[in-house]
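The numbers in our numbering rise by one with no breaks, and the one at position 255 of the sequence shown is 1595. We put the CB at the ideal spot given by N, CA and C, even for glycine. For reference, the structure discussed in these notes is given below.
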Amino acid sequence: MVTGWNSSLDPCKNHWRGVTCDQKNTSVTKLVLFGLNLNGTLDATSLCNTQALAASIVALFLNGNNIGGGISAEIAKCKQFTHLYLSGNQFSGSLPNSFAMLGNLKRLDTSRNKFSGDLTGLSRISGLTMFLAQDNQLSGQIPKFDFSNLDQFNVSNNNFSGPIPDVRGRFSNSSFSGNPELCGKPLSKECPSLPLNGDNNSKSKSKDQTLMYTGYVVLAFACLVLIIFKLCNLKKRKERVEGLEAVNKNGSVFMLLHGNNQMGEAFDWASRLGVAASIVDTLAFMHRELKEYGIVHGNLKSSNILMNKNMEPCISEYGLMAVDSDQYGSYLANVTGTSASRDFNGDIYGFGVILLELLTGKMVQNNGVDLAD
1341 MVTGWNSSLD PCKNHWRGVT CDQKNTSVTK LVLFGLNLNG TLDATSLCNT QALAASIVAL
1401 FLNGNNIGGG ISAEIAKCKQ FTHLYLSGNQ FSGSLPNSFA MLGNLKRLDT SRNKFSGDLT
1461 GLSRISGLTM FLAQDNQLSG QIPKFDFSNL DQFNVSNNNF SGPIPDVRGR FSNSSFSGNP
1521 ELCGKPLSKE CPSLPLNGDN NSKSKSKDQT LMYTGYVVLA FACLVLIIFK LCNLKKRKER
1581 VEGLEAVNKN GSVFMLLHGN NQMGEAFDWA SRLGVAASIV DTLAFMHREL KEYGIVHGNL
1641 KSSNILMNKN MEPCISEYGL MAVDSDQYGS YLANVTGTSA SRDFNGDIYG FGVILLELLT
1701 GKMVQNNGVD LAD
């Protein structure tokens, strides 16, 4: 337990030591606990199985403590992690392959511990910009990381062996020193050549035949891939055309309400209720996911609610333009002011106007009469 932590108090509102929260003081985003002489083990299961915490925490700093034991595979459930610093502790065991599931992880420091095993799983972490693992007991061959994306990389003072993969000249020998069985650039130790034996002419002839047959196989495979690619493209184009035809056929909520009489008659009361429920569910989801970034629809109206071939409503043009205050009248201007283009109230008002259209079957503006008024 960190000094000052009290389980009966709120960690955000009571400013627990080392705890950083979001601007609203409702969610923990960082745990900065380095150099506090902490011991015990890292309970990744409790940390990352707490759904609210796993959804908000992006950084964990535990470097410079005395924490031991292994790292549970459950750490992969903290999918928002971008920074994970574990250096200078007593961690042991293998680095879990589940690290590869941390798709947002950018910086990982496992240096100066007692980790063992290989790095096979870690090389699959996409987007990693820093990986430090020096001064451990890791072994095996160094896998091919995305070295073009890494700006820091160090696996010195371990038990790695075999050739170093192509690091594109980005790292010096200090990133690999202290591994006696490693060879190849940037180290000065060259890797041994493959032994030559047998009849050179026979070997050369066999090699030429192998290359020739391999070339035939590769050519046939390339042709097969090209055919499959063309068929997939043809199928996708057909699906796009069918999708466009379906939209053109069914049109929008505006066309169903204000088009020809036959379309209006087919749009019965149960269908209108279903459309309204689908629109509000979708709008609520978008507002919830994008509220932090201030992204609204900005132009919600019945002509932007398109119907697919199954007569299901789809909201189009989300976030592409500012709120049209002329469309909603003076009321929207009074509610949202000059910041209407970023005000979620504008979307809610637009949905209310769509509800009026669905209820009354009348247009928003008709013969100088505003429907909302």
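The beta carbons of Ile1619 and Phe1691 sit closer together than 9 Å. Contact between Arg1508 and Phe1487 holds, since their C-beta atoms are separated by about 5 Å, short of 8 Å. A distance of 9 Å or more separates the beta carbons of Asn1498 and Gly1461. Non-local C-beta neighbours of Gly1591 in its own chain, meaning closer than 8 Å and more than five positions away in sequence, comprise Gly1599, Met1603, Leu1646 and Met1647, ordered along the chain.
Residue state for Ala1712 is assigned as coil, using DSSP reduced to three classes. Annotated as proximal: Ser1427 and Gly1404, with beta-carbon spacing under 9 Å. Going by beta carbons, Asp1449 and Leu1478 fall outside the 9 Å limit. Ranking Lys1649, Leu1623, Gln1549 and Gly1375 by CA distance to the CA of Asn1639 puts Leu1623 first. Residue range Phe1684 to Thr1700 is occupied by the alpha helix (DSSP H) that includes Ile1694, with no beta strand (DSSP E) assigned at that position. Considering only Val1557, Ala1440 and Ser1611, the residue with the shortest C-alpha distance to Phe1421 is Ala1440. For the 9 Å CB-CB criterion, Leu1371 and Val1359 form a contact. With contacts defined by Cβ atoms closer than 9 Å, Phe1516 and Ser1501 do not form a contacting pair.
Under the three-state reduction of DSSP, Glu1530 is assigned to coil, being neither helix nor strand. Nearest C-alpha to Asn1685 among Lys1631, Asn1406, Leu1435 and Gly1701: Lys1631. Taken through DSSP and simplified to helix, strand or coil, Phe1431 comes out as strand. Cβ-Cβ distances below 6 Å link Leu1564 to nothing in the same chain once the five nearest sequence neighbours on each side are left out. For Ile1407, the three-state secondary structure derived from DSSP is coil.
At the C-beta level, Gly1433 and Gln1474 stay beyond 9 Å of one another.
Under the 10 Å beta carbon count, Lys1417 is surrounded by 16 or more other beta carbons and is classified as buried. In the DSSP assignment, His1423 is bridged to Ala1399 and Arg1447. For Phe1455, the enclosing beta strand (DSSP E) has its first and last residue at Lys1454 to Gly1457.
For Asn1707, there is no enclosing alpha helix (DSSP H), as DSSP marks it with neither H nor E. When the alpha-carbon of Asp1458 is set against those of Gly1443, Leu1468 and Lys1484, the nearest one is in Lys1484. Annotation note: the region 1484-1516 contains the following uninterrupted beta strand (DSSP E) runs of length 3 or greater, listed N- to C-terminal: 1492-1494 and 1499-1503. Counting along the chain, Val1359 sits inside the beta strand (DSSP E) bounded by residues Val1359 to Cys1361. In the DSSP assignment, the residues bridged to Gln1477 are Ser1456.
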